[in-house]
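Sequence order for the protein chains is A and B.
Take 247 as the starting number for the first sequence in this note's numbering and just add one per residue.
Take 100 as the starting number for the second sequence in this note's numbering and just add one per residue.
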Amino acid sequence: MNGGMNITATWLATQFPELSNIQPLSRGGQKQVFSASHASDGEVVLKLMHPQQDVARTTRELVAVAQVQAARVPAILDQGTVQSSVGACFWFREQRIHGETVRGVLQRGPFQARQLLQLGLHTLESLVVAEQARIVHRDVKPENIILAPTDDFWLIDFGLARHLGLESLTATANVFGYVTWGYAPPEQCRNIKQEIDARADLFALGVTLYECATGVNPFRNGAANPLEVLKRVENDPLPRLSLQLNASRDFADLVQAMTQKRRDHRPPTSKDAHDWMKDICDQEQM
Amino acid sequence: MELYLQFGYGMMEHCRHLLSEWGGGTAVLSPRDLSAEQLQRLSSTITKLPNGRVLLDPQFYVPHTDHERLCSHDYWPSDYATGAFWQGPALTDLLTRLRDLNSTLGTQAFVLPGLLASSIDADWLEVQRATLEEANALSCDLPLIVTIALSADATRNQEQVAVLLETAANWKPHGYYLVCEHPNGSYLVDDPNWLANVLDIISGLRLGGSQVIVGYCNHQMLAAASANASAICSGTWMNVRSFPPDKFRTAYDEEIRQRATWYYCPQALSEYKIPFLDIAHRQKILSSMTPPTELDGGYADALFSGVQPSSVGFSEQMAFRHYLHCLRGQCAAAGKAGFDETSEAHEQLLDAADALLRKLAAAGIRGQQRDFFDIVDVNRAALSLLGSTRGPMLRRNWESM
Numbered sequence: 247m248n249g250g251m252n253i254t255a256t257w258l259a260t261q262f263p264e265l266s267n268i269q270p271l272s273r274g275g276q277k278q279v280f281s282a283s284h285a286s287d288g289e290v291v292l293k294l295m296h297p298q299q300d301v302a303r304t305t306r307e308l309v310a311v312a313q314v315q316a317a318r319v320p321a322i323l324d325q326g327t328v329q330s331s332v333g334a335c336f337w338f339r340e341q342r343i344h345g346e347t348v349r350g351v352l353q354r355g356p357f358q359a360r361q362l363l364q365l366g367l368h369t370l371e372s373l374v375v376a377e378q379a380r381i382v383h384r385d386v387k388p389e390n391i392i393l394a395p396t397d398d399f400w401l402i403d404f405g406l407a408r409h410l411g412l413e414s415l416t417a418t419a420n421v422f423g424y425v426t427w428g429y430a431p432p433e434q435c436r437n438i439k440q441e442i443d444a445r446a447d448l449f450a451l452g453v454t455l456y457e458c459a460t461g462v463n464p465f466r467n468g469a470a471n472p473l474e475v476l477k478r479v480e481n482d483p484l485p486r487l488s489l490q491l492n493a494s495r496d497f498a499d500l501v502q503a504m505t506q507k508r509r510d511h512r513p514p515t516s517k518d519a520h521d522w523m524k525d526i527c528d529q530e531q532m
Numbered sequence: 100m101e102l103y104l105q106f107g108y109g110m111m112e113h114c115r116h117l118l119s120e121w122g123g124g125t126a127v128l129s130p131r132d133l134s135a136e137q138l139q140r141l142s143s144t145i146t147k148l149p150n151g152r153v154l155l156d157p158q159f160y161v162p163h164t165d166h167e168r169l170c171s172h173d174y175w176p177s178d179y180a181t182g183a184f185w186q187g188p189a190l191t192d193l194l195t196r197l198r199d200l201n202s203t204l205g206t207q208a209f210v211l212p213g214l215l216a217s218s219i220d221a222d223w224l225e226v227q228r229a230t231l232e233e234a235n236a237l238s239c240d241l242p243l244i245v246t247i248a249l250s251a252d253a254t255r256n257q258e259q260v261a262v263l264l265e266t267a268a269n270w271k272p273h274g275y276y277l278v279c280e281h282p283n284g285s286y287l288v289d290d291p292n293w294l295a296n297v298l299d300i301i302s303g304l305r306l307g308g309s310q311v312i313v314g315y316c317n318h319q320m321l322a323a324a325s326a327n328a329s330a331i332c333s334g335t336w337m338n339v340r341s342f343p344p345d346k347f348r349t350a351y352d353e354e355i356r357q358r359a360t361w362y363y364c365p366q367a368l369s370e371y372k373i374p375f376l377d378i379a380h381r382q383k384i385l386s387s388m389t390p391p392t393e394l395d396g397g398y399a400d401a402l403f404s405g406v407q408p409s410s411v412g413f414s415e416q417m418a419f420r421h422y423l424h425c426l427r428g429q430c431a432a433a434g435k436a437g438f439d440e441t442s443e444a445h446e447q448l449l450d451a452a453d454a455l456l457r458k459l460a461a462a463g464i465r466g467q468q469r470d471f472f473d474i475v476d477v478n479r480a481a482l483s484l485l486g487s488t489r490g491p492m493l494r495r496n497w498e499s500m
């Protein structure tokens, strides 16, 4: 049972007659995710929110992603509600990106240098567009980046995204934010909302790049619990990277800047970080 | 990095002489030390020199002061009430008078009044914002320079510094005039955290695209070159070589009490009373205290003429000019083409000073409270932290700053 809702293949086919070959992909606390085929949209992902889930949060994700019209962010194709045995279910359909998550790739070892730069460049391109739309993703991590067969890196799952112009959904009184420990910066961990902006995403991406370069997330590695992770995030600088690249030093500088504890020590915008990464890629003749 | 002359007691002739010798430069005028007529006369003299420039420090740090000379100036408000002053016509009037004074004096930029922040809080930030907003609304041809005046406690507080830099990112004036109180009134600051935060402020403001002039400095602030400071300001007496908020409260006549003559050894980053040079002479190591050729203005030649230094009548006047001439040369040499080169140059300066200081100390030659021996590690620590936190951004943006 899923939030009291009985989802069967028959029920799905009835509710979504425009879809065929509906297969489960994943299930989380808030939603279930299916792959499917659509007559005109092709391969799609169907995200079905559990009935008791926060409609406002779901709508926020939709609003966020719809505004981030970037080359490597899945497009929202359609949305609506369906009636289940336990209430209305909010759903949306988005472009399906085939490939493997960066997490999956990492399980085979650290990234090669050029692929690492590609990861950084593509993700920063998506973050630049998000920044222009005043969207903060807030959950950049290896699980939320997909390496497609085309060697493009796609940024997915804006479930925690926030539009800086909208009121926050996380209770201000919460001591800790709704975060993935080990990737979120100090200000996001501590739920200091007025301090969360695009630079939070830069921190998380910087940590992701570090982990992809070395195979290890030093904040999480061997930590006994989230509080220990938090302590490391707030107090321990990441060791400096050393890669086999012409632009090794510049890349190490960029990651070091992105992962500074204080946000005013990080690149001021995603665009600045992107331009920096672009210069590094140009040095490597990519 | 440039050296500006920080005007203080008895500096009129020093300003005229040095700026003339240097072929130009900038003097920061002090209403605390100059009457309205003297301001006019001095600025006229300086601006007539080739490349001579002036700035006016309005010294509005503690406006409740009853410092006689400060209050005598036309721009000084006769009635200062904290809250209302910064929100209405009184602020406009102050800025208008200062603008007009700057225009009369021929300054190169308009240094705005800034309150001393005992802590960097919302009220102080609002005053800063209101001042800049009002100044921008005035009709003024001069570039605007925002004064940031911080108490020692505020300077040492990392969280407050972070708030300052976040807020200042929205101000974007042409430049900043940064003055930071030394902890415990000390001449050379032995708190690396204080110095690290000063460097952090300088570099953060520079990365934001503004010029940064650091006021009331001594040679310890040669480290500011690593943060890409535009200029540091220094002068003759101790009260213009460190920022002394109390000196803007006390009466004028009480200020200059102790008058000893100190010789600045630039390669040791230390100053020595002349009797210690006698010891160096008797220990046969005086020559190691001779200023390097590129820093030598000839003011201290008599000390190294072969006779007992205390017998040559090395005057206070020559000592001051020697100090400022050396410091100017050190400032010019401090800034290099990039962050790494600049930091390494300062590290080398510190290493060389450290080695010489050990040699001098072994021979009993000490600068006492002006000895840099215990300060070398302070600068090293602050520089190291700057590299860790700002190094990548400074390396990336140095040339465009």
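The beta carbon of each residue, even a glycine, is placed where N, CA and C say it ideally should be.
For residue 411 of chain A and residue 445 of chain A, the gap between their C-alpha atoms comes out near 16 angstroms.
Scanning chain B for C-beta atoms nearer than 7 angstroms to the C-beta of residue 508 of chain A yields 261, reported in chain order.
Spanning the alpha carbons of residue 138 of chain B and residue 498 of chain A requires a straight line of approximately 52 angstroms. In terms of beta-carbon proximity, residue 492 of chain B lines the interface with chain A, with at least one pair separated by less than 8 angstroms. Not a single C-beta of chain A is nearer than 8 angstroms to the C-beta of residue 415 of chain B. Separation of residue 328 of chain A and residue 335 of chain A (C-alpha to C-alpha, rounded to the nearest whole angstrom) is 5 angstroms.
Unbroken beta strand (DSSP E) runs of no fewer than 3 residues, entirely contained in the stretch 398-455 of chain A, are found at 399-401, following chain order. In the DSSP assignment, residue 248 of chain B is bridged to B:215, B:278. Shortest Cα-Cα distance from residue 319 of chain B to any of B:208, B:306, B:363, B:305 involves B:363. Bridge pairing for residue 332 of chain B: B:103 [DSSP].
The beta carbon of residue 259 of chain B lies closer than 7 angstroms to those of 218, 219, 253 in the same chain, with the five residues before and after it left out. Across the structure, residue 202 of chain B and residue 132 of chain B are spaced so that their CA atoms are roughly 20 angstroms apart.
Under a criterion of Cβ atoms nearer than 7 angstroms, the residues of chain A adjacent to residue 265 of chain B are, in order, 510. For the options A:311, A:351, A:262, the alpha carbon positioned closest to that of residue 383 of chain A is the one of A:311.
By the neighbour-count criterion, in which 16 or more other beta carbons inside 10 Å mark a residue as buried, residue 264 of chain A falls on the exposed side.
In the DSSP assignment, residue 267 of chain A falls within the unbroken beta strand (DSSP E) covering 265-273. Scanning chain B for C-beta atoms nearer than 7 angstroms to the C-beta of residue 522 of chain A yields 495, reported in chain order.
The Cβ of residue 122 of chain B sits no closer than 8 angstroms to any Cβ of chain A.
With a threshold of 8 angstroms between beta carbons, residue 483 of chain A makes contact with chain B. Minimum Cα-Cα distance from residue 369 of chain B among the listed residues B:427, B:447, B:301, B:455 corresponds to B:455. Excluding the 5 residues flanking it on each side, residue 296 of chain B has same chain C-beta neighbours closer than 7 angstroms at 254, 255, 257, 260, in chain order.
In the DSSP annotation of this structure, the continuous segment of the beta strand (DSSP E) that includes residue 284 of chain A starts and ends at 277-284. In chain order, 511 make up the part of chain A whose C-beta sits under 8 angstroms from the C-beta of residue 489 of chain B. Within 9 angstroms of the CB of residue 393 of chain A, no CB atom of chain B is found; the nearest one sits about 27 angstroms away.
The shortest CA-to-CA distance from residue 311 of chain B to any of B:332, B:293, B:292, B:167 is the one to B:332. Taking C-alpha positions only, residue 529 of chain A is separated from residue 489 of chain B by approximately 23 angstroms. The secondary-structure analysis by DSSP pairs residue 336 of chain A across a beta bridge with A:327.
At least one C-beta of chain B is nearer than 8 angstroms to the C-beta of residue 502 of chain A. In terms of beta-carbon proximity, residue 528 of chain A stays away from the interface with chain B, with every pair separated by 8 angstroms or more. When C-beta atoms of the stretch 270-286 of chain B are compared with those of the stretch 330-348 of chain B, three or more pairs fall below 8 angstroms, so the two segments count as touching. Interface criterion met: the Cβ of residue 499 of chain A is under 8 angstroms from a Cβ in chain B.
Look at the stretch 299-312 of chain B: the residues with a C-beta under 7 angstroms from a C-beta of chain A are 303.
The way I'd put it, the stretch 515-528 of chain A does touch the stretch 360-369 of chain A; three or more beta-carbon pairs between them come closer than 8 angstroms. For residue 153 of chain B, no alpha helix (DSSP H) encloses it; the enclosing beta strand (DSSP E) starts and ends at 151-155. In the DSSP assignment, the residues bridged to residue 342 of chain B are B:280.
Taking C-beta separations shorter than 8 angstroms and ignoring five residues to either side along the sequence, the partners of residue 386 of chain B in its chain run 403, following chain order.
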